[in-house]
Amino acid sequence: MRDIDTTVPHSARIWNYWLGGKDNYEIDRIAGEEFLKIFPGMAMGARASRAFLHRTITWLAAEAGVRQFLDVGTGLPTADNTHEIAQRIAPESRVVYVDNDPLVLSHARALLVGTPEGATDYVDADVREPEVIITAAAKTLDFARPIALNLSGIMGHVTDDETALSIVRRLLDALPSGSYLALNDGTNVHSEANRQAHRQYNESGALPYIQRSPEQLARFFDGLELVEPGLVSVTRWRPEGIIPPEVDGYGAVGRKP
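Using the working numbering, read the sequence shown as starting at 2 and increasing by one per residue.
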């Protein structure tokens, strides 16, 4: 396993810090606080993204009947991870997590334990390696049956638009008809402070993260049938109870015909 670099902030660990977790280092907390000084709303945005994940996985398992999940860019485990949500609804669900951060992988192996009826596996791979991901995931998932591909906050790390689109298409091409894409990522429409904070973050030495417009994010769903309400701020995708304000993160769920 690769060594953990604690000299450079890492997005998964900063995200963990914003969510109130303890799996982060001083360099991550410093970067996270510097970000919040410019844009305090980022902590709410992180929670909104996590809530979107919860609602989409719940819908996929309970309403769409999906029993297989490929979660790429897992991030550090928190409460209600993909397998916990899916297997609570359908214990036989099979989930494959993909990440390339050694801290994420060490925690995943220790904490992301599924039900006896289902299966949970972890793949050490980069999102830029779709064929590697597919080959490894096929050891656990049946690619002849529908699979939900989850890409939560990961594609912003692929800064070239065409490369990012190619990665998503290559992953989707391997999935059968009736599969789904659940994707959300940072946008740049609601807050200049958010854009400024991202510019500073990208100059910190951390892996850059770019914000895309909703129109750019919509291209990831080309050829798919969008589930209502379509591509919206993550707080507006099938909200429960009081609807929070919109945030600079948009997401959708699309079905492969």
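Think of the CB as a built atom: it goes at the ideal place given N, C-alpha and C, for glycine as much as any other residue.
Can you list the alpha helix (DSSP H) stretches of 4 or more residues lying completely in the region 54-114, in chain order? 83-90, 103-112
Buried or exposed: Asp186, going by 16 or more other Cβ atoms within 10 Å of its Cβ? buried
Is the region 163-170 touching the region 188-204, taking contact as three or more C-beta pairs under 8 Å? no
Considering only the alpha carbon of each residue, which of Asn82, Asp6, Thr236 lies closest to Glu27? Asp6
May I ask you to check if the CB of Gly46 is nearer than 8 Å to at least one heavy atom of the ligand NAD? With respect to the ligand NAD, the structure shown offers nothing to examine, as it has no ligands at all.
Under 9 Å between C-beta atoms of Asp100 and Val124: yes
Would you check if the distance between the CB atom of Asp24 and the CB atom of His108 is smaller than 9 Å? yes
Residue range of the alpha helix (DSSP H) that Asn17 falls in? 12-19
Cβ distance (whole Å) where Leu142 is taken to contact Val97 below 8 Å: 6 Å
Entirely enclosed alpha helix (DSSP H) segments - the region 151-191, minimum 4 residues: 162-174
Determine the DSSP secondary structure at Ala133, reduced to helix, strand or coil. For the sequence presented, residue 133 should be read as Val rather than Ala. If DSSP states are grouped into helix, strand and coil, Val133 belongs with the helices.
Taking buried to mean at least 16 other C-beta atoms within 10 Å of its own C-beta, is Thr188 buried or exposed? buried
For Asp127, the nearest candidate out of Gly21, Val105, Glu118 (CA to CA): Val105
Go ahead and pull the three-state DSSP assignment for Tyr26. coil
Distance, Cα to Cα, Arg56 vs Thr160? 27 Å
Does the Cβ of Ser214 have 16 or more other Cβ atoms within 10 Å, making it buried, or fewer, making it exposed? exposed
For Thr75, count the other beta carbons within 10 Å of its own beta carbon; 16 or more makes it buried, fewer makes it exposed. Which is it? buried
Exposed or buried, Ser180, counting other C-beta atoms within 10 Å across all chains shown (16 or more means buried)? buried
Ordered along the chain, which non-local residues of its own chain (more than five positions away) have a Cβ less than 6 Å from that of Leu71? Val97, Ala138, Ile148, Leu150
Between which two residues does the beta strand (DSSP E) containing Ala253 stretch? 250-256
Unbroken beta strand (DSSP E) run spanning Ala1, endpoints: The chain is shown only over 2 to 258; residue 1 falls outside these bounds and no answer can be derived.
Have a look at Ala49 and Gln212 and give me their C-alpha separation to the nearest angstrom. 16 Å
Let me confirm a value: Leu119 is counted as buried when at least 16 other C-beta atoms fall within 10 Å, else exposed. Which label applies? Per the sequence presented here, residue 119 reads as Gly, with Leu not at that position. The residue in question, Gly119, is buried, as its Cβ has 16 or more Cβ neighbours within 10 Å.
So the candidates are Ala194, Arg171, Pro117, Asp174; which of them puts its Cα closest to the Cα of Met43? Ala194
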